[in-house]
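A.B. asks:
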Amino acid sequence: SHGENSTAAKPGKDTSATPPAAGIAAPAENERFVVKVGKFTIRFGRIPELLLLISFAIWTTRFLVENLELTYPAALPAGLFLARQLQRLIAWMGESGPENSEKNAKAT
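Every letter in the sequence shown is one number past the one before it in my numbering, and letter 79, counting from 1, is 78.
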């Protein structure tokens, strides 16, 4: 067993299927407003979320500049970071939503 290659395919195992990438949601089959341009996929259904995140980043940046007296170049990365954290929070809350409660109940 020491000389065996542990990465070699074992008989009976299907190695053609690759596991999905972590953190990337698979698109729904009936999802509308999707445009494929080469290797890029544009989902117009996510524009409201994008606008929310951009406006939150701008609002946070202005808040930091006005109230904490940070300079704009220092406040902008902080605003973008907080917007990304908001996006992660929204995604985390969506994973444990009512549509996934059956899946979460089976996992426990």
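Glycine residues also receive a C-beta, built at the ideal position from the N, C-alpha and C atoms.
Remember, it's a predicted structure, so these values are computed and weren't measured experimentally.
For Phe32, which residues in the same chain have their Cβ closer than 6 angstroms to its Cβ, ignoring the five residues on either side in sequence?
C.D. replies: As a working note, residue 32 is residue 33 in the sequence shown. The residues are Phe43, Gly44.
A.B. asks: Thinking Ala73 and Ala56 are a contact (beta carbons under 8 angstroms), I'd like their distance in whole angstroms, please.
C.D. replies: Residue 73 sits at position 74 when you count from the first residue of the sequence shown. Residue 56 sits at position 57 when you count from the first residue of the sequence shown. Their Cβ separation, rounded to whole angstroms, is 14 angstroms, which puts Ala73 and Ala56 out of contact at 8 angstroms.
A.B. asks: Per DSSP, Arg42 forms a beta bridge with which residues?
C.D. replies: In the sequence shown, counting from the first residue as 1, residue 42 sits at position 43. Note: Arg42 sits in a beta bridge opposite Val33.
A.B. asks: Taking DSSP as the reference, what is the three-state secondary structure of Thr70?
C.D. replies: Within the sequence shown, residue 70 is the residue found at index 71, counting from 1. Correct three-state label for Thr70: coil.
A.B. asks: Exposed or buried, which one is Thr59 when buried takes at least 16 other CB atoms within 10 Å?
C.D. replies: Taking the first residue of the sequence shown as 1, we reach residue 59 at position 60. Burial call: buried.
A.B. asks: Report buried or exposed for Leu63, applying the criterion of at least 16 other Cβ atoms within 10 angstroms of its Cβ.
C.D. replies: Stepping through the sequence shown from its first residue, residue 63 is reached at position 64. Result: buried.
A.B. asks: Between the beta-carbon of Leu52 and the beta-carbon of Leu85, is there less than 9 angstroms?
C.D. replies: Taking the first residue of the sequence shown as 1, we reach residue 52 at position 53. Taking the first residue of the sequence shown as 1, we reach residue 85 at position 86. Result yes, Cβ atoms of Leu52 and Leu85 sit closer than 9 angstroms.
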